[in-house]
Amino acid sequence: MYQRIDGHNWRHIYLVGDLHGCLAQLAEQLRLVRFDPWQDLVISVGDLIDRGPDSLGCLALIDKPWFRAVQGNHEVMALNSLRNTSHNTEDGFLWEMNGGRWFSELNEEAKKQAESLFRRCKTLPLIIELIVQDKRIIIAHADYPLAQWKWQADVDPGQVVWSRARLQRNIKGKGELIRGADAFYFGHTPLKKPKHFFNQHYIDTGVVFGNTLTLVALQ
Ligand SMILES: [Mn+2]
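Take 0 as the starting number for the sequence shown in numbering that gives the first Met the number 0 and just add one per residue.
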């Protein structure tokens with residue numbers, strides 16, 4: 000569930016919001032910052048796939064040496080659906096309802112590629128702890144549901160990829176600091192602009208709904 004990344008190994012490190020198949024917008028943002036795949040790193044807050052034009056292309060990013068990601072609820076839905084061979088399962092239906100139809104529409108060769116990528120996707124962490132310039136930065140798709148950060152703490156994976164409870168508390172003015180780390184970055188909830196509450200940063204700006212893709216330079 001947890002993965003640690005030492006930022007010293009890269010020149011620049013960027014975080015990117017929910018891609019949902021919008022590969023061209025990522026390429027454009029990386030071009031603007033003169034991203035160098037030999038020295039720089041991109042970390043995704045999850046939801047690489049579904050709804051947008053190039054889910055397979057975005058899923059294939061997980062094989063790139065300059066790319067890291069946590070799983071989003073869309074990856075979890077896909078993996079749950081593909082675990083069952085029958086297409087009539089509730090999991091398959093949930094994924095289809097949430098933009099997963101692209102997979103069943105792939106040709107045989109592309110489907111094999113996607114299946115192999117999903118096998119790799121299963122091994123992606125739900126939570127990344129990134130150390131940059133002596134700061135401890137935590138990355139998860141929707142929430143880190145505890146009041147204090149603890150490496151390898153037992154957390155509910157469903158809340159990590161789905162929960163909007165903390166964001167809702169923040170919006171109502173009832174949020175609070177999460178102790179034990181310098182900053183937390185989440186995606187999952189499309190916003191017009193990134194929102195910041197205490198040490199919590201929400202960076203899904205709904206590129207798949209026509210807004211801009213948010214890329215945050217952390218180092
Ligand atoms: Mn999501």
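Every residue, glycine too, gets a C-beta built ideally from N, C-alpha and C. As the structure is a computational prediction, the values presented were derived from the model and not from experiment.
- Ranked by Cα distance from L129, the first of S115, L212, W150 is W150.
- Under the 10 Å beta carbon count, N8 is surrounded by fewer than 16 other beta carbons and is classified as exposed.
- About 6 Å separates the Cβ atoms of I202 and L14, confirming a contact at the 8 Å cut-off.
- In the three-state scheme derived from DSSP, where H, G and I count as helix and E and B as strand, A152 is classed as coil.
- Checking the 7 Å criterion, the Cβ of G172 is out of range of every heavy atom belonging to ligand 1.
- For V15, the pairing in a beta bridge is given by DSSP as S43, L214.
- Between the segment 119-127 and the segment 90-104, the count of C-beta pairs closer than 8 Å stays below three; the two stretches do not touch.
- Taking 8 Å as the cut-off, the beta carbon of L25 is found closer than this to the beta carbon of L18.
- L176 and I137 have their C-alpha atoms some 13 Å from each other.
- At a Cβ-Cβ threshold of 8 Å, G186 and G91 do not count as neighbours.
- Close to ligand 1, as judged by a C-beta nearer than 5 Å to any of its heavy atoms, are the residues D46, G71, N72, H187, in chain order.
- Separation of A164 and I127 (C-alpha to C-alpha, rounded to the nearest whole angstrom) is 20 Å.
- Look at Q132 here: in three-state DSSP terms it is coil, with no helix or strand label.
- Measuring C-alpha to C-alpha distances from L40 to each of A59, R10, D49 identifies R10 as the nearest.
- Contact between the segment 151-163 and the segment 200-214 is absent: fewer than three C-beta pairs spanning the two stretches fall below 8 Å.
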